[in-house]
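Below is one structure, written out as structure tokens; the observations come after it.
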Amino acid sequence: MNYALIGITTAICGNIIISVALNLQRYAHIRLEADVTSTHYTSSKVWWCGLTLMTIGEAGNFLAYAFAPASVVSPLGVFAIVANCLIAPIVFKERVRWSNMCGVAVTVVGILFVVLSATSAQNESQPVEPHDPHAMIMAALQQKSFLVYIGFVTASVTLLLHFSRQQLRQQTALFVYLGLVALFGALTALSTKAVSSLLSFAFLRALYDPLTYVCAFVLAATAVFQINFLNRALQTFPSTVVIPTHFVLFTLSVIVGSAMTYHDFDDMTAGQITCFIGGCIITFGGVTVIARTAPGRPRLQQNPSYSSFSTRSPTPTESLAIPSEVSGLLEEPVDPNHQLASSAPAPHHHHHALRRTRSAHMAFDPIALGGIGFFVDSAREWRSQSVGRGEREEA
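What follows is the structure in structure tokens.
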């Protein structure tokens, strides 16, 4: 049985379902914004339907890591973007650009090369041994190549965190923020594969295995750090720059991390490796074309003062700077008049601004950002509403 093909199919289906879920949630937010009597997005049945589909899609992505190499599953996340380019014009009657369709076609061709290289490598298509996934993971964590890799990641993260606190040139700041997202994203993908393997092949044993909880903690912690620095990049640079740069850096980081940890390419022939690399390059090009045709937005300050861990809620100026085309790639541009609004408008507008940003946090790597991004944003919105109520009471 070709287990890699099972993992690839599961990942593709999961990402398409996630795209449908994001559009359902977007539709729910649009309806709520048009309804002056609406109070909260959780009152919408459509939104809950989207969340249910999101959970199913993320479960598919999670399961895919148990059957296919992380270096193959990671590029397949582009299907969420491709599917969205097809769904959004149908559901929201948005204009379809030829450049969008060309980008989708190029991306699909690149993914076909990636899939072909993975499914033709029979040795790589086998999952971890069902009888002892714990031993396989422990052996991977103790090998010299992984120790070298984790040392490099630790040093790189420390250096980039130092630079992230400095005043940098815009181009440098972009790669600092997205470099951190990529490095944390690779650790998220590796820990996701470990947890998925443990739960898929020895579920009951995994519940009593401390390794499961260690990997789950790494997964959650690195995902939160991704959200933090991804938000900083989105606040500082246009999404047409962030989307392709993030996808390329994240995918390359996962490929390197998976190769160093799980040796994804050891049993591949030179032709299969060439096919895989060529497919990734073509996919990168397709994503760049898609992102470049999305509506742009004004660039904000270079080093935003707020982060996901800040005690200050983002202002609507910051919130509106995160465009909804991150998930849609076809959406209407943000009204520039809003960008010039006061830094402390009415809480009602703040509430709607936060609504429009939610799908942006979930669109890049659904398995890493989807659920956790939802909880982080919900906490922010709850706090903003509490602050708004306090201001009204004081007034």
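Adding 418 to a residue's 1-based position in the sequence shown gives its number in my numbering.
Backbone N, C-alpha and C fix where the C-beta goes; we use that ideal spot for every residue, glycine too.
In this text the structure is predicted, and so the values were computed from the model without any measurement.
Shown here, His458 sits in coil according to DSSP, grouped into three states, outside any helix or strand. Contact check for Val672 against Ala607 passes: the beta carbons are separated by less than 8 Å. Ile499 and Ser437 have their alpha carbons spaced roughly 7 Å apart. Note that the C-beta distance between Ala488 and Ala429 is not below 8 Å.
In the structure shown, Thr687 falls within a coil segment according to DSSP collapsed to helix, strand and coil.
From the listed residues Arg710, Leu442, Ala486 and Ala639, the smallest Cα separation to Ile508 is found for Leu442. Within 10 angstroms of the beta-carbon of Ile699 lie fewer than 16 other beta-carbons, which makes it exposed. Straight-line measurement puts the Cα of His552 at about 43 Å from the Cα of His447. When the beta-carbon positions are compared, Ile434 and Pro493 stay at least 8 Å from each other. Rounded to the nearest whole angstrom, the CA to CA distance from Thr470 to Thr610 is 20 Å.
Ser492 carries a coil assignment under DSSP once its states are collapsed to helix, strand and coil. If you draw a straight line from the Cα of Leu559 to the Cα of Met472, it is about 31 Å long.
The alpha-carbon of Ser462 is positioned some 34 Å away from that of Ser618. Ranked by Cα distance from Arg444, the first of Asn502, Arg583 and Asn420 is Asn502. Spanning the alpha carbons of Phe602 and Val636 requires a straight line of approximately 10 Å.
Taking C-beta atoms under 8 Å as the contact rule, Val490 and Val527 fail to qualify, at a distance of about 16 Å. In the DSSP annotation of this structure, the continuous segment of the alpha helix (DSSP H) that includes Asn441 starts and ends at Tyr421 to Ala452. Scanning its chain for C-beta atoms nearer than 6 Å, with the 5 sequence neighbours on each side dropped, one finds around Ile424 the residues Phe485, in chain order. Three or more Cβ pairs closer than 8 Å define a contact, and the region 589-604 meets that threshold against the region 659-675.
The C-alpha of Pro628 lies about 12 Å from the C-alpha of Met556.
Burial check for Tyr567: the Cβ neighbour count within 10 Å reaches 16 or more, so the residue is buried.
If you look at Gln560, you'll find it in the alpha helix (DSSP H) that goes Pro551 to Gln560. Counting the other Cβ atoms within 10 Å of the Cβ of Thr576 gives fewer than 16, which makes it exposed.
Contact check for Ala439 against Gly475 passes: the beta carbons are separated by less than 8 Å. Around the C-beta of Tyr626, fewer than 16 other C-beta atoms lie within 10 Å, and the residue is accordingly described as exposed.
Assigned with DSSP and collapsed to three states, Glu512 falls in coil, not helix or strand.
Rounded to the nearest whole angstrom, the C-alpha separation of Gly432 and Ile426 is 10 Å. Taking a C-beta distance under 8 Å as the contact criterion, Val522 and Gly704 qualify as a contact pair. The DSSP-derived three-state label of His580 is helix. For Tyr595, same chain residues with a beta-carbon under 8 Å away, outside a window of 5 residues either side, are Ser582, Phe647, Leu648, Arg650, Ala651 and Thr654 in chain order.
By the neighbour-count criterion, in which a residue is buried when 16 or more other Cβ atoms sit within 10 angstroms of its Cβ, Tyr631 is exposed. Judged by their CB atoms, Leu578 and Val659 are not nearer to each other than the 8 Å cut-off.
A distance below 6 Å between beta-carbons, with the five flanking residues on each side excluded, links Gly675 to the following residues of its chain, in chain order: Ala604 and Leu608. Pairing Glu451 with Arg513, the inter-Cα distance amounts to about 22 Å. With a beta-carbon spacing of about 6 Å, Val707 and Val524 fall inside the 8 Å limit used to define contacts.
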